[in-house]
Amino acid sequence: MSETIKLDKNTNPYRDDLAAEKLKGLVDATKFITPITKQIVTGSASVKSAPDDNATQVSEALCSDIFEIYDEINGYAWGQVGRNDYVGYIKTNALTDEIITPNRKIRALRTYGFSIPKVQGMVLSQLSMNAQVFATDEIENGYVNCGRHGWIYEKHLAKLDEYYPDPAEVAKLFLNAPYYWGGVQSYGLDCSGLVETSFAACGIKLPRDAYMQEKCGQEVTIKDDLSCLKRNDLIFWKGHVGIMIDADNFIHSNAFHMCVAIEPLKIAQERYEKSDLPIRSIRRVM
């Protein structure tokens with residue numbers, strides 16, 4: 000059999016030796032299998048390109064994300080993250096069979112789950128924006144008992160259907176967070192990680208990588224004077240993306256500043272054009 004469709008391996012779980020049963024008839028593989036469903040039990044988990052501690056991080060899964068497993072090797076599970084369909088390798092010790100149904104999410108940049116409802120408690124978990132937990136009705140000293148993830152400060156939690164109103168404003172919360180390839184947390188983010196995280200906090204689901212995000216929303220015609228831009232427009236170069244915060248300035252996580260930074264678009268445009276990287280497209284998602 001030959002492939003009838005060229006599927007993106009970053010979002011479709013298939014290799015030469017095995018593939019997801021749902022892809023049967025679409026891809027070539029020696030074996031097709033049904034996944035084992037597990038859940039991220041740690042605050043986050045690195046998604047790697049290979050089952051090796053030294054392999055490149057390609058993304059991060061967050062607490063309570065579902066992970067569909069198709070293979071295990073060297074202490075890693077190969078599979079697909081339910082939140083954004085990303086495929087990669089996650090350490091098996093970050094996963095659990097005991098799947099919970101979350102009812103709260105983290106709205107703060109990051110927070111802790113303590114062993115007791117006091118700041119003096121032992122830290123049981125470190126959780127970042129958009130991570131999800133199951134919160135009980137037990138509240139003490141302004142902390143909520145979130146079971147296996149500990150006592151979490153109530154004001155750092157939100158209901159699953161509560162959202163920030165503006166992605167650009169969320170992105171600004173990450174100012175000066177370090178640039179980190181594959182990152183989606185305030186500990187470090189890459190360009191598309193900042194976009195995915197900021198829009199997700201506002202209830203807008205975007206794919207993980209810049210080339211995927213470039214297919215979302217409506218295309219905006221690029222004018223020579225860049226007068227076409229609005230807040231929350233996404234600006235794309237080859238391999239890079241940023242979010243407009245007004246008609247002239249944008250925010251992006253980038254390897255030039257090695258952090259999340261705001262700068263005038265025209266200054267960045269001049270810098271990128273010196274490397275033969277013109278603005279490739281503008282997309283309006285809002």
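Residues in the sequence shown are numbered consecutively from 0, following numbering that gives the first Met the number 0. Ideal Cβ placement from N, Cα and C applies to all residues, glycine included.
Can you tell me whether DSSP reads Y85 as helix, strand or coil?
-> Counted from its first residue, the sequence shown places residue 85 at position 86. Note: Y85 maps to coil in three-state DSSP.
Whether I250 touches A170 by CB criterion (8 Å) | Position 251 of the sequence shown, counting from 1, holds the residue named residue 250. Position 171 of the sequence shown, counting from 1, holds the residue named residue 170. Cβ distance < 8 Å, so I250 and A170 count as in contact.
Examine the ligand SAM and report whether any of its heavy atoms sits within less than 7 Å of the Cβ of P164.
-> With respect to the ligand SAM, the structure offers nothing, as it holds no ligand at all.
Segment contact, 8 Å Cβ cut-off, at least three pairs: the segment 263–281 with the segment 186–204 = Contact between the segment 263–281 and the segment 186–204 is absent: fewer than 3 CB-CB pairs across the two stretches fall below 8 Å.
What is the rounded straight-line gap between the Cα of A44 and the Cα of L126?
-> In the sequence shown, the residue the question calls residue 44 occupies position 45. In the sequence shown, the residue the question calls residue 126 occupies position 127. Their backbone Cα atoms lie some 11 Å apart in a straight line.
Count the other C-beta atoms from every protein chain shown that fall within 10 angstroms of the C-beta of L174, then say buried if there are 16 or more, exposed otherwise.
-> Here residue 174 refers to the residue found at position 175 of the sequence shown. So L174 ends up on the exposed side.
Quick one, which of D51, G149, N129, I234 has its alpha-carbon nearest I138's?
-> Along the sequence shown, one-based indexing puts residue 138 at 139. If we check each option's Cα against that of I138, G149 comes out closest.
Which residue comes first and which comes last in the beta strand (DSSP E) that contains V259?
-> The residue labelled residue 259 in the question sits at position 260 within the sequence shown. Element bounds for V259: 258–263.
My understanding is that I234 touches L264, with C-beta atoms under 8 Å, so please give their C-beta distance in whole angstroms.
-> Taking the first residue of the sequence shown as position 1, residue 234 is located at position 235. Taking the first residue of the sequence shown as position 1, residue 264 is located at position 265. That belief holds up - the Cβ atoms of I234 and L264 are roughly 7 Å apart, short of 8 Å.
Is DSSP giving V118 helix, strand or coil here?
-> Your numbering for residue 118 matches position 119 in the sequence shown. For V118, the three-state secondary structure derived from DSSP is coil.
Identify every run of the beta strand (DSSP E) within the segment 212–282, keeping only runs that are complete inside it and at least 3 residues long; order them along the chain.
-> Runs of the beta strand (DSSP E) spanning 3 or more residues and lying entirely within the segment 212–282 occur at 233–236, 239–243, 248–253, 258–263, in chain order.
Segment contact flag, the segment 101–113 with the segment 141–158, C-beta cutoff 8 Å, min 3 pairs = Touching, yes.
Extent of the continuous beta strand (DSSP E) run through E71 | Translated into the one-based positions of the sequence shown, residue 71 becomes position 72. Run containing E71: 65–72, per the beta strand (DSSP E) assignment.
Alpha carbon to alpha carbon, how far is G141 from Q131?
-> Taking the first residue of the sequence shown as 1, we reach residue 141 at position 142. Taking the first residue of the sequence shown as 1, we reach residue 131 at position 132. Between G141 and Q131, the C-alpha separation is close to 19 Å.
Under a three-way DSSP split, which group does E2 fall into?
-> Along the sequence shown, read from residue 1 onward, the residue named residue 2 stands at position 3. The pLDDT assigned to E2 is 42, lower than 50, so where the model puts this residue is not dependable, and the model offers no usable value.
Would you say L123 and G112 are within 8 Å of each other, going by their C-beta atoms?
-> Here residue 123 corresponds to residue number 124 of the sequence shown, with the count starting at 1. Here residue 112 corresponds to residue number 113 of the sequence shown, with the count starting at 1. Closer than 8 Å, so yes.
With DSSP run on the structure shown, which of helix, strand or coil describes S185?
-> Counting from one through the sequence shown, the residue named residue 185 turns up at place 186. In the structure shown, S185 sits in coil (DSSP, three-state: anything other than H, G, I, E or B).
Can you tell which of A76, S185, D224, V240 has its C-alpha closest to the C-alpha of Q212?
-> Along the sequence shown, read from residue 1 onward, the residue named residue 212 stands at position 213. Distances from the CA of Q212 to each of A76, S185, D224, V240 were compared; the closest alpha carbon is that of V240.
Endpoints, alpha helix (DSSP H) assigned at D199 = Taking the first residue of the sequence shown as 1, we reach residue 199 at position 200. First, the residue type needs correcting, since residue 199 is Ala and not Asp in the sequence shown. Its alpha helix (DSSP H) spans residues 190–199.
Quick one: what does DSSP say G78 is sitting in, helix, strand or coil?
-> Within the sequence shown, the letter at position 79 stands for residue 78. The answer is strand: DSSP assigns G78 an E or B state.
Would you identify the three-state DSSP class for K8, choosing helix, strand or coil?
-> The count along the sequence shown starts at 1 and reaches residue 8 at position 9. Coil at K8, not helix or strand.
Closest by C-alpha distance to I261, when choosing among Y271, M243, K273 | As a position in the sequence shown, residue 261 is number 262, starting the count at 1. Looking at Y271, M243, K273, the one whose alpha-carbon comes closest to that of I261 is M243.
Identify which residue in T41, A49, I35, V40 has its Cα closest to the Cα of R14.
-> Taking the sequence shown and counting its residues from 1, the one referred to as residue 14 is at position 15. Minimum Cα distance to R14 is reached at A49.
CA-to-CA distance, D96 to A134, given in whole angstroms = Here residue 134 refers to the residue found at position 135 when the sequence shown is read from its first residue. Here residue 96 refers to the residue found at position 97 when the sequence shown is read from its first residue. Cα-Cα distance, rounded: 19 Å.
Write down the C-beta distance between I98 and Y75 rounded to the nearest angstrom, noting that I regard them as a contact closer than 8 Å.
-> Reading the sequence shown from its first residue, position 99 is the one you call residue 98. Reading the sequence shown from its first residue, position 76 is the one you call residue 75. The pair is not a contact, with the Cβ atoms about 20 Å apart (cut-off 8 Å).
Pick from S191, P12, K229, I39 that is closest to A28, judged by C-alpha positions = Taking the sequence shown and counting its residues from 1, the one referred to as residue 28 is at position 29. A28 has its Cα closest to that of P12, out of S191, P12, K229, I39.
Do N9 and V86 have their C-beta atoms within less than 8 Å of each other?
-> Within the sequence shown, numbered from 1, the residue matching residue 9 stands at position 10. Within the sequence shown, numbered from 1, the residue matching residue 86 stands at position 87. Remark: C-beta atoms of N9 and V86 approach each other more closely than 8 Å.
Pull up the DSSP beta-bridge partners for R103, would you.
-> As a first step, residue 103 must be located in the sequence shown, where it is residue number 104. DSSP, once it has assigned bridges, lists V132, K158 as partnering R103.
Should A209 and L228 be called a contact, given that it needs their Cβ atoms to be closer than 8 Å?
-> Numbered from 1 along the sequence shown, position 210 holds the residue referred to as residue 209. Numbered from 1 along the sequence shown, position 229 holds the residue referred to as residue 228. No, the pair does not count as a contact, with Cβ atoms beyond the cut-off.
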